[in-house]
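Below is one structure, written out as structure tokens; comments come after it.
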Amino acid sequence: MKTAERIEEKLTAALSPLRLTVVDDSHKHEGHSGWREGGGTHFRVEVVSELFDGKSRVDRQRMVYNLLADELSDTVHALQLKTLAPLEDTRR
Amino acid sequence: MDNPVAERIKQDISDNDVVLFMKGTPVFPQCGFSATVVQVLSHLGVKFKGIDVLQDPGLRQGIKDFSNWPTVPQLYVKGEFVGGCDIIREMFQSGELQEHLSSAGVETQTAA
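Protein sequences, first through last, are from chains A and B. Taken in order, the first sequence gives residues 127 to 218; the numbers are from the working numbering. Taken in order, the second sequence gives residues -19 to 92; the numbers are from the working numbering.
Written out as structure tokens, the structure reads:
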């Protein structure tokens, strides 16, 4: 399974997101530290979940980081995160 | 005192109001995410200490353990972890960062 799919699967299972976007951004970081051939190093994640309600930004991102700890200690070098509670989501 | 890296981090964040753990230096950031936070702080006219984690593998891992945060950059204000690049950018755009800094007693200069 590709890393993006694994990220999607884990976040879906744990956060029951109302909206979830996972984008492999690796090509934009070609040649940067942590980058390697074939992608799977840099991701952009936007996730809307009721579980974020009432939580600080730091707590929300820690939740996501903890869920993806295996990926982060493996190939994932950078994770750009946007973590929104349903009421903050202006794109719905 | 069995963890010298953690002790040093504690010292740095208590000696300096605003500390940015980053890749590279404020003048030559080595990573786009670090550069973004430097830009925000510079734009706000905030004096900060930049600490290059690339100079020290122990610190590079140590700051992640210390903050329970797996990525760099990391911004500390008055000894308290505020966030990484995404959080700082969001807070800056919404004005929360400016509020946070001024309520912490950190001087900012609003760019004209």
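Virtual Cβ for every residue (Gly too), placed ideally from N, Cα, C.
Validate contact between the segment 198 to 215 of chain A and the segment 149 to 163 of chain A using beta carbons, cut 8 Å, 3 pairs: At 8 Å Cβ cutoff, the stretches touch.
DSSP three-state assignment for residue 69 of chain B, whether helix, strand or coil: Looking up residue 69 of chain B in the second sequence gives position 89. Three-state DSSP puts residue 69 of chain B in a helix.
Per DSSP, cross-strand counterpart(s) of residue 2 of chain B: Within the second sequence, numbered from 1, the residue matching residue 2 of chain B stands at position 22. Answer is B/32.
Residue-level contact to chain B via CB, residue 188 of chain A, 8 Å cutoff: As a first step, residue 188 of chain A must be located in the first sequence, where it is residue number 62. Interface with chain B (8 Å Cβ-Cβ cutoff): residue 188 of chain A is included.
8 Å Cβ cutoff, residue 66 of chain B in contact with chain A: Position 86 of the second sequence, counted from the first residue, corresponds to residue 66 of chain B. Interface residue, yes.
Pick from A/154, A/153, A/173 and A/157 that is closest to residue 133 of chain A, judged by C-alpha positions: Counting from 1 along the first sequence, the entry for residue 133 of chain A is found at position 7. It is A/173 whose Cα lies nearest to the Cα of residue 133 of chain A.
Alpha-carbon spacing of residue 144 of chain A relative to residue 35 of chain B, whole angstroms: Here residue 144 of chain A refers to the residue found at position 18 of the first sequence. Here residue 35 of chain B refers to the residue found at position 55 of the second sequence. Spanning the two alpha carbons is a distance of roughly 42 Å.
Residue 5 of chain B: contacting residues in chain A (beta-carbon distance under 7 Å): On the second sequence, position 25 is the one that residue 5 of chain B refers to. Result: empty, since nearest Cβ-Cβ is about 15 Å, beyond 7 Å.
Delimiting residues of the beta strand (DSSP E) encompassing residue 172 of chain A: To locate residue 172 of chain A, count along the first sequence from 1; it is residue 46. It spans 168 to 174 - the beta strand (DSSP E) in which residue 172 of chain A sits, taken as one unbroken run.
Cβ pair residue 21 of chain B, residue 0 of chain B closer than 8 Å: Numbered from its first residue, the second sequence carries residue 21 of chain B at position 41. Numbered from its first residue, the second sequence carries residue 0 of chain B at position 20. Yes, these two residues count as a Cβ contact at 8 Å.
Chain A contacts from the segment 42 to 57 of chain B (Cβ-Cβ distance under 8 Å): Against chain A - using a Cβ distance shorter than 8 Å - the residues of the segment 42 to 57 of chain B are 48, 49, 50 and 51.
Residues that residue 61 of chain B bridges to, as DSSP identifies them: Counting from 1 along the second sequence, the entry for residue 61 of chain B is found at position 81. In the DSSP assignment, residue 61 of chain B forms a beta bridge with B/56.
Sequence-distant residues of its chain with Cβ nearer than 7 Å to residue 10 of chain B (five each side left out): Counted from its first residue, the second sequence places residue 10 of chain B at position 30. A distance below 7 Å between beta-carbons, with the five flanking residues on each side excluded, links residue 10 of chain B to the following residues of its chain, in chain order: 3, 4 and 34.
Three-state class that DSSP yields for residue 20 of chain B in the structure shown: Position 40 of the second sequence, counted from the first residue, corresponds to residue 20 of chain B. In the three-state reduction of the DSSP assignment, residue 20 of chain B falls in the helix class, which pools H, G and I.
Assumed close pair residue -11 of chain B, residue 43 of chain B - CB separation to whole angstroms, cut-off 8 Å: Looking up residue -11 of chain B in the second sequence gives position 9. Looking up residue 43 of chain B in the second sequence gives position 63. Indeed, because the Cβ distance is near 6 Å, the residues count as touching under 8 Å.
Straight-line Cα distance separating residue 156 of chain A from residue 87 of chain B: For the purposes of this step, residue 87 of chain B is taken as residue 107 along the second sequence, with counting starting at 1. For the purposes of this step, residue 156 of chain A is taken as residue 30 along the first sequence, with counting starting at 1. Their backbone Cα atoms lie some 37 Å apart in a straight line.
C-beta contact flag for residue 49 of chain B and residue 30 of chain B at 8 Å: If you number the second sequence from 1, residue 49 of chain B lands on position 69. If you number the second sequence from 1, residue 30 of chain B lands on position 50. No, Cβ-Cβ distance for residue 49 of chain B and residue 30 of chain B is not below 8 Å.
Cross-chain neighbours of residue 13 of chain B in chain A, by beta carbon under 9 Å: Along the second sequence, one-based indexing puts residue 13 of chain B at 33. The CB of residue 13 of chain B comes closer than 9 Å to the CB of 204 and 206 in chain A, given here in chain order.
Cβ of residue 92 of chain B within 8 Å of any chain A Cβ: To locate residue 92 of chain B, count along the second sequence from 1; it is residue 112. Residue confidence for residue 92 of chain B is low, a pLDDT of 45 falling below 50, so the modelled location carries little weight; the figure read from the coordinates is stated next. Cβ-Cβ to chain A under 8 Å: no for residue 92 of chain B.
Whole-number beta carbon distance between residue 181 of chain A and residue 168 of chain A, since they are thought to touch under 8 Å: One-based indexing of the first sequence puts residue 168 of chain A at position 42. One-based indexing of the first sequence puts residue 181 of chain A at position 55. Wrong, their Cβ atoms sit about 25 Å apart, outside the cutoff.
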